[in-house]
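Q: Chains as they are written, first to last, in this note's numbering: chain A, 56 to 223; chain B, 56 to 223. Beta carbons are placed, not taken as given, at the ideal position from N, Cα and C, and that holds for glycine. Remember, predicted model here, so these are calculated numbers, not experimental data.
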DNA sequence: TAGTGTCAGTTGTAGCAACAACTAAAGCGT
DNA sequence: ACGCTTTAGTTGTTGCTACAACTGACACTA
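(1) Any residues in the region 154-186 of chain B with a beta carbon nearer than 7 Å to a beta carbon of chain A? Which ones, in chain order?
(2) Express the C-alpha separation of residue 131 of chain B and residue 135 of chain A in angstroms, rounding to a whole number.
(3) If you measure between the beta carbons of residue 103 of chain B and residue 163 of chain B, is that distance less than 7 Å?
(4) Measure the alpha-carbon distance for residue 63 of chain A versus residue 127 of chain B and round it to whole angstroms.
(5) Using the Cα positions of residue 158 of chain A and residue 93 of chain A, report the straight-line distance between them to the nearest angstrom.
(6) Which same chain residues end up closer than 8 Å to residue 111 of chain A when comparing Cβ atoms and leaving out the 5 residues on each side of it in sequence?
(7) Could you give the first and the last residue of the continuous beta strand (DSSP E) run that contains residue 182 of chain A?
(8) Using 8 Å for Cβ pairs, my map puts residue 76 of chain B next to residue 194 of chain A. What's the rounded Cβ distance?
(9) Leaving aside the five residues before and after residue 186 of chain B along the sequence, list all residues of the same chain whose C-beta is less than 8 Å from its C-beta, in chain order.
(10) In this structure, what does DSSP give as the bridge partners for residue 145 of chain B?
(11) 7 Å is my cut-off, CB to CB: does residue 67 of chain A come that close to chain B?
(12) Hey, residue 85 of chain A and residue 97 of chain A: beta-carbon distance below 7 Å or not?
(13) Can you confirm whether the region 140-153 of chain B touches the region 196-206 of chain B when touching is taken to mean that 3 or more C-beta pairs between the two stretches lie within less than 8 Å?
(14) Along the chain, where does the beta strand (DSSP E) that runs through residue 63 of chain A open and close?
(15) Please confirm whether residue 78 of chain A has its beta-carbon closer than 7 Å to some beta-carbon of chain B.
(16) Taking only beta-carbon atoms, is residue 96 of chain B less than 7 Å away from chain A?
(17) Quick one: measure Cβ to Cβ for residue 89 of chain A and residue 170 of chain A, integer angstroms, because I've assumed they're closer than 8 Å.
(18) From residue 148 of chain A to residue 116 of chain A, what distance separates their C-alpha atoms?
(19) Enumerate, from N- to C-terminal direction, the unbroken alpha helix (DSSP H) stretches of 4 or more residues contained entirely within the region 72-138 of chain A.
(20) Taking CB distances under 7 Å as the criterion, tell me whether residue 218 of chain B reaches chain A.
(21) Quick one: what does DSSP say residue 140 of chain B is sitting in, helix, strand or coil?
(22) Return the CA-CA distance between residue 166 of chain B and residue 188 of chain B, expressed in angstroms with no decimal places.
(23) Would you please verify whether the beta carbon of residue 195 of chain B is less than 7 Å from any beta carbon of chain A?
(24) Would you please verify whether the beta carbon of residue 122 of chain B is less than 7 Å from any beta carbon of chain A?
(25) Please report whether the beta-carbon of residue 150 of chain B lies at a distance below 7 Å from any beta-carbon of chain A.
(26) Could you tell me whether the Cβ of residue 104 of chain B comes closer than 7 Å to any Cβ of chain A?
(27) Apart from the five residues on each side of it in sequence, which residues of its chain come closer than 6 Å, Cβ to Cβ, to residue 146 of chain B?
(28) Please state the DSSP three-state secondary structure of residue 199 of chain B.
(29) Taking 7 Å as the CB-CB limit, is residue 190 of chain A close to chain B?
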């Protein structure tokens, strides 16, 4: 592999360097706002948000892992910590004794509602409101193209297909 | 703050979800390829690459920290580990006794050259070659707009301005 | 219904990052 | 020349993530 790969040209390098910078900077910005205002990491917030939108506010660990792009070990640790804080509860899945369901508690639901406005505000300030409407559409298309490579099995697609541009 | 922030509309949410997915997935892809093929994290590779392009292959810790978007504590740990592996050497800056210079060793230079092709190949496969030429240009513009918010002081701009689209 | 392989999840360990506290040198005003 | 502030960097601790090993349950075959 990679024996005969040409280096990036100037335009490609310009785009790549910017993407690297964003990937490096954005998590820190999201994390620090959420930690400061709600005591949550961005990953924890995202997991709680996924639960909050699920039927019964309940998901199997595997589904939650796919929607948040977490390995099962990582998710297991995170959910255990969230459970210790009373934001989530786990119970065995009735249909499959191997599986575990994670359900948002009332406190967890309250936490999501409490954290959401500040988070959305951060997202707007740093990303969405910095772009024109057509740039937003371009970013969606670019994101689809990249994710087809990064996430070919579409494990996270349960999430992003739901927010597709063409509803039907 | 954020008292009256409207929620994202459908187009905005579609773009945001995709960006989150990329930010979550891309570091893992870059790290695992580089770890497997060169025994480096992406951050270590990036730091070595910045040194390799600097005059004398030497940079002050502060400069390197800005170009890689690392806090000084983080950089200090990373450079110490790289030094223990013989890829980098540190020496006091002659002009300013407070400052430390980091210089790429021969082994470090060899390591960068060894690691670069596989890394570029990964970048192409997962990002650059998935995009059309106009999407690459769009991504550059979008990146600039976002980074103006994420990195207003342009600490990382030393890097990305160098690869600007309009050389003169 | 016993055996084998796969799936779902947990637990333990090691390594990296964030944060805070600290040292030391430089700049600056008086 | 003396203090005060800022700058540059290191060190220590805590917490999260990745990886590997493990337990237990389902599925399929004979």
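A: Taking the structure as given:
(1) Listed in sequence order: 172, 173, 175, 176, 178, 179, 180, 181, 182, 183, 185 and 186.
(2) Rounded to the nearest angstrom, the two C-alpha atoms are 33 Å apart.
(3) Going by C-beta atoms, residue 103 of chain B is nearer than 7 Å to residue 163 of chain B.
(4) When rounded, the distance between both Cα atoms is 30 Å.
(5) Going by the C-alpha atoms only, they are around 20 Å apart.
(6) Contacts found: 158.
(7) Premise fails: residue 182 of chain A is in no beta strand (DSSP E) and is neither H nor E.
(8) Their Cβ separation, rounded to whole angstroms, is 12 Å, which puts residue 76 of chain B and residue 194 of chain A out of contact at 8 Å.
(9) The beta carbon of residue 186 of chain B sits closer than 8 Å to those of 194, all from its chain and outside the five residues before and after it, given in chain order.
(10) Paired residue(s): B/157.
(11) Interface with chain B (7 Å Cβ-Cβ cutoff): residue 67 of chain A is included.
(12) Closer than 7 Å, so yes.
(13) Three or more Cβ pairs closer than 8 Å define a contact, and the region 196-206 of chain B falls short of that threshold against the region 140-153 of chain B.
(14) Per DSSP, residue 63 of chain A belongs to no beta strand (DSSP E) and is neither H nor E.
(15) The C-beta of residue 78 of chain A comes closer than 7 Å to at least one C-beta of chain B.
(16) Chain A, which has no Cβ nearer than 7 Å to the Cβ of residue 96 of chain B, makes this no.
(17) That belief holds up - the Cβ atoms of residue 89 of chain A and residue 170 of chain A are roughly 6 Å apart, short of 8 Å.
(18) About 10 Å.
(19) Runs of alpha helix (DSSP H) with 4 or more residues, each lying fully within the region 72-138 of chain A, are found at 97-108 and 116-123, listed in chain order.
(20) Its pLDDT being 43, under 50, residue 218 of chain B is placed unreliably by the model, and the measurement read from it follows with that caveat. So, interface residue.
(21) Residue 140 of chain B falls in the coil class under three-state DSSP.
(22) Note on geometry: alpha-carbon atoms of residue 166 of chain B and residue 188 of chain B lie some 31 Å from one another.
(23) Interface residue, yes.
(24) Closer than 7 Å to the CB of residue 122 of chain B there is not a single CB belonging to chain A.
(25) With respect to chain A, the C-beta atom of residue 150 of chain B has no partner C-beta closer than 7 Å.
(26) The Cβ of residue 104 of chain B sits no closer than 7 Å to any Cβ of chain A.
(27) Excluding sequence neighbours, residue 146 of chain B sits near 156.
(28) In this structure, residue 199 of chain B counts as helix in the three-state DSSP scheme.
(29) For residue 190 of chain A, the answer is yes, since a Cβ of chain B falls inside 7 Å of its Cβ.
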